[in-house]
Amino acid sequence: MSDSVKFSISLDPKHAVVILEVPELDVEHESNLVLDVYPRECIFTAAPYHARITLDADVTPGKAFPDKIDYEKNTITFRIPLELGTTRTEPSKDSFPYGFGQLYHGPLVLESSQELRMLAHPELYSLTDRMKFMRKAEVKDFQCEHYGMDHIQFQIDKLGLTLEGSPSAPKLSDDQSYRIRVIVEEKQRQPELYTTIEDHRALLLGLIDILLAVCYDRLTNGNELNEANSHTNVQRISATLSFFVEFDCVEEVLRSFYRRSCTYPFYRNKEISKACVTRLLSSAESFDIREWIKHELMFVYDAFKSTDCAVMNHYYVKDYFRYLELAFNDKLLEEYLNDLEKILAQVHQENLGFGEEETVQQLLMEIMGEADSDSTDSDDSDSNDDEAESSGSESDSVAEEENPNENVLEKLMNLKLSG
Numbered sequence: 001m002s003d004s005v006k007f008s009i010s011l012d013p014k015h016a017v018v019i020l021e022v023p024e025l026d027v028e029h030e031s032n033l034v035l036d037v038y039p040r041e042c043i044f045t046a047a048p049y050h051a052r053i054t055l056d057a058d059v060t061p062g063k064a065f066p067d068k069i070d071y072e073k074n075t076i077t078f079r080i081p082l083e084l085g086t087t088r089t090e091p092s093k094d095s096f097p098y099g100f101g102q103l104y105h106g107p108l109v110l111e112s113s114q115e116l117r118m119l120a121h122p123e124l125y126s127l128t129d130r131m132k133f134m135r136k137a138e139v140k141d142f143q144c145e146h147y148g149m150d151h152i153q154f155q156i157d158k159l160g161l162t163l164e165g166s167p168s169a170p171k172l173s174d175d176q177s178y179r180i181r182v183i184v185e186e187k188q189r190q191p192e193l194y195t196t197i198e199d200h201r202a203l204l205l206g207l208i209d210i211l212l213a214v215c216y217d218r219l220t221n222g223n224e225l226n227e228a229n230s231h232t233n234v235q236r237i238s239a240t241l242s243f244f245v246e247f248d249c250v251e252e253v254l255r256s257f258y259r260r261s262c263t264y265p266f267y268r269n270k271e272i273s274k275a276c277v278t279r280l281l282s283s284a285e286s287f288d289i290r291e292w293i294k295h296e297l298m299f300v301y302d303a304f305k306s307t308d309c310a311v312m313n314h315y316y317v318k319d320y321f322r323y324l325e326l327a328f329n330d331k332l333l334e335e336y337l338n339d340l341e342k343i344l345a346q347v348h349q350e351n352l353g354f355g356e357e358e359t360v361q362q363l364l365m366e367i368m369g370e371a372d373s374d375s376t377d378s379d380d381s382d383s384n385d386d387e388a389e390s391s392g393s394e395s396d397s398v399a400e401e402e403n404p405n406e407n408v409l410e411k412l413m414n415l416k417l418s419g
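Mind the numbering: the sequence shown is residues 1 to 419 in full-length UniProt numbering, read in order.
Printed below as a string of structure tokens:
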């Protein structure tokens with residue numbers, strides 16, 4: 001089923017009349033056919049459909065339900081009451097563009113959600129301000145204790161994750177391939193939006209940012225789409241999909257990925273971040289780069305389509321599919337990936353900038369101190385034993401040294417994991 005939605009808008013003296021046309025419409029969809037109405041726009045989301053409709057007249061905010069449903073024509077008609085004394089106005093000249101290639105304008109209004117951690121009104125802020133807000137949010141959201149505990153646990157058992165292994169060859173299903181074709185054809189009357197792109201830098205850096213987030217989710221979810229957290233992993237880790245930012249260089253992308261992958265997902269460790277970068281580079285070298293990117297973007301699309309993150313399919317993911325078909329600059333992407341490989345070791349050795357190294361050292365000192373205390377108590381207890389018992393104790397001590405993780409694990413079990 002395609003997510004392509006066509007719509008028309010007209011005004012009568014008391015209402016804005018919105019008519020939506022969808023590829024398929026069934027009686028079972030009826031309960032989901034609702035418009036979220038805001039003063040100057042309305043949003044229709046009924047998976048897998050999504051449409052953001054800008055209005056040029058003030059309407060009454062709230063929920064709008066169908067005035068008419070035509071199952072033969074696959075159309076839904078909504079009549080939205082106009083505010084008293086409403087007049088048409090032009091869009092504000094103070095609004096900043098956002099989304100893929102800065103193609104989108106006007107308000108992006110979302111209902112509050114615990115899942116989404118994003119800049120709700122990107123149209124109000126410049127790219128510079130969005131980057132500042134993002135860094136401020138990262139400092140607020142970073143949890144030193146969580147990071148420190150994961151750092152120590154990773155030394156023991158790699159958090160139960162398998163980071164080695166070769167990436168699987170990309171293979172799109174027939175349904176996925178069809179859906180990509182439909183997405184591309186949605187803009188077939190406006191190919192110049194993509195073919196006239198002159199500066200590919202921000203687009204490709206944003207693409208790398210998204211692909212790294214996908215690599216993280218695949219690596220920590222056994223290469224499978226997890227309906228519980230794949231959408232939040234990708235959306236939160238990707239700065240592009242969270243704060244509508246644009247990057248100036250590969251180094252900036254990589255540092256952002258390290259910070260966010262150690263702040264927002266469940267597993268937070270720099271070694272996982274490094275493994276994700278390695279996986280990205282390996283995949284780009286092993287497979288047809290265009291087909292592999294399509295495969296990964298479809299992973300994002302499917303993860304988002306039935307969640308609150310579905311709006312990001314509209315503002316980024318679908319446009320990247322069109323970009324791949326119409327204007328993809330593979331040579332520049334190859335240069336960026338080469339740069340990524342060169343700077344990986346340096347960035348990996350750097351601190352994240354949250355003061356996390358102090359927390360890790362403190363946790364290690366606590367664990368070592370407790371281990372030393374246990375050792376001292378054991379020595380005092382055995383001091384009055386005879387030589388044979390002492391010999392037996394020494395044997396037990398050697399056995400304990402061969403399994404030093406027991407005290408660490410016990411300590412980790414007693415520490416409180418916040419967030």
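Just so it is clear, CB atoms sit at the ideal spot from N, CA and C, and this is done for glycine as well.
Of the residues the options, the one placed nearest residue i, counting alpha carbons only
i       : options                            : result
Leu-172 : Glu-291, Val-5, Phe-244, Phe-321   : Glu-291
Leu-326 : Thr-128, Tyr-194, Ser-168          : Tyr-194
Ile-9   : Ser-31, Asp-157, Tyr-49, Ala-57    : Ala-57
Ala-64  : Thr-54, Glu-24, Ser-242, Leu-35    : Leu-35
Leu-254 : His-348, Val-300, Gln-188          : His-348
Val-238 : Gly-355, His-15, Arg-135, Glu-334  : According to the sequence shown, residue 238 is Ser rather than Val. Of Gly-355, His-15, Arg-135, Glu-334, the residue nearest in Cα terms is Arg-135.
Pro-167 : Val-139, Asn-223, Asp-217          : Asn-223
Glu-41  : Ile-53, Glu-357, Leu-344           : Ile-53
Tyr-98  : Thr-240, Leu-281, Tyr-147          : Thr-240
Asp-70  : Thr-60, Gly-165, Glu-24, Val-37    : Glu-24
Lys-68  : Lys-140, Leu-33, Thr-45            : Leu-33
Ile-293 : Ala-275, Asn-226, Leu-363, Asp-209 : Asp-209
Arg-236 : Met-312, Glu-30, Glu-357           : Met-312
Lys-274 : Glu-350, Arg-179, Val-182          : Glu-350
Asp-330 : Ser-282, His-121, Ile-289          : Ile-289
Leu-211 : Gly-62, Ile-43, Leu-337, Lys-342   : Leu-337
Phe-266 : Phe-142, His-314, Leu-280, Thr-45  : Phe-142
Tyr-178 : Ser-282, His-295, Gly-165          : His-295
Met-43  : Gly-62, Asp-26, Leu-363, Ser-31    : Per the sequence shown, residue 43 should be read as Ile rather than Met. Measuring from the Cα of Ile-43, the nearest candidate turns out to be Gly-62.
Asp-26  : Thr-45, Leu-11, Ile-180, Glu-72    : Glu-72
Beta-bridge pairing of residue i - partner residues as DSSP gives them
i       : result
Gly-62  : Val-37
Lys-6   : Glu-21
Arg-52  : Ile-43
Leu-82  : Val-59
Lys-68  : Thr-77
His-146 : Paired residue(s): none; His-146 is not in a bridge.
Tyr-104 : Tyr-98
Ala-284 : Paired residue(s): none; Ala-284 is not in a bridge.
Ala-169 : None; Ala-169 has no bridge partner.
Leu-11  : Ala-16
Residue i vs residue j beta-carbon contact at 9 Å
i       : j       : result
Val-250 : Leu-340 : yes
Leu-309 : Thr-220 : Looking at the sequence provided, one finds Cys at residue 309 rather than Leu. Contact flag unset, no.
Ser-230 : Ala-303 : yes
Leu-55  : Ile-80  : yes
Leu-205 : Asp-174 : no
Glu-186 : Lys-318 : yes
His-200 : Leu-332 : yes
Ala-213 : Phe-257 : yes
Ile-148 : Thr-359 : The sequence shown places Gly at residue 148, not Ile. Contact: yes.
Asp-150 : Leu-159 : yes
Pro-39  : Val-17  : no
Glu-335 : Cys-144 : no
Own chain residues within Cβ distance below 6 Å of residue i, not counting five before or after
i       : result
Met-298 : Gln-176
Glu-138 : Arg-259, Thr-263
Lys-305 : Ala-47, Pro-48
Thr-307 : His-231
Tyr-216 : Ile-237, Ser-261, Cys-276
Ile-180 : Phe-321
Residue i CB to nearest heavy atom of the ligand GDP below 8 Å
i       : result
Arg-322 : Of ligands this structure carries none, so the ligand GDP is not represented either.
Close-in-space but distant-in-sequence residues of the same chain around residue i (CB under 8 Å, 5 per side omitted)
i       : result
Glu-402 : Note that Glu-402 scores 44 on pLDDT, short of 50, meaning its location in the model is unreliable; the coordinates nonetheless yield the value given after this. None.
Asn-405 : At Asn-405, the pLDDT of 47 sits below 50, so the modelled position is not reliable and the matter cannot be decided from this model.
Leu-365 : In the sequence as presented, Leu is not what sits at residue 365; that position holds Met. For Met-365, where only same-chain residues beyond five positions count, there are no Cβ hits under 8 Å.
Ile-197 : Gly-101, Leu-203, Tyr-323, Ala-327
Met-131 : Phe-243, Val-245
Gly-353 : Arg-259
Cut-off 7 Å between Cβ atoms - residues of its own chain near residue i, not counting five sequence neighbours on either side
i       : result
Ile-19  : Phe-7, Ser-8, Thr-75, Thr-77
Tyr-320 : Phe-100, Leu-207, Leu-297
Phe-287 : Ala-169, Pro-170
Lys-14  : Pro-81, Leu-82
Leu-225 : Phe-299, Asp-302, Ala-303
Ser-95  : His-105, Gly-106, Glu-123
Pro-66  : Leu-33, Ile-76, Thr-77, Phe-78
Leu-280 : Leu-211, Leu-212, Cys-215
Gln-190 : none
Should the region 153-169 be called in touch with the region 265-273, which here means at least 3 C-beta pairs below 8 Å?
-> Contact holds: three or more Cβ-Cβ distances are below 8 Å.
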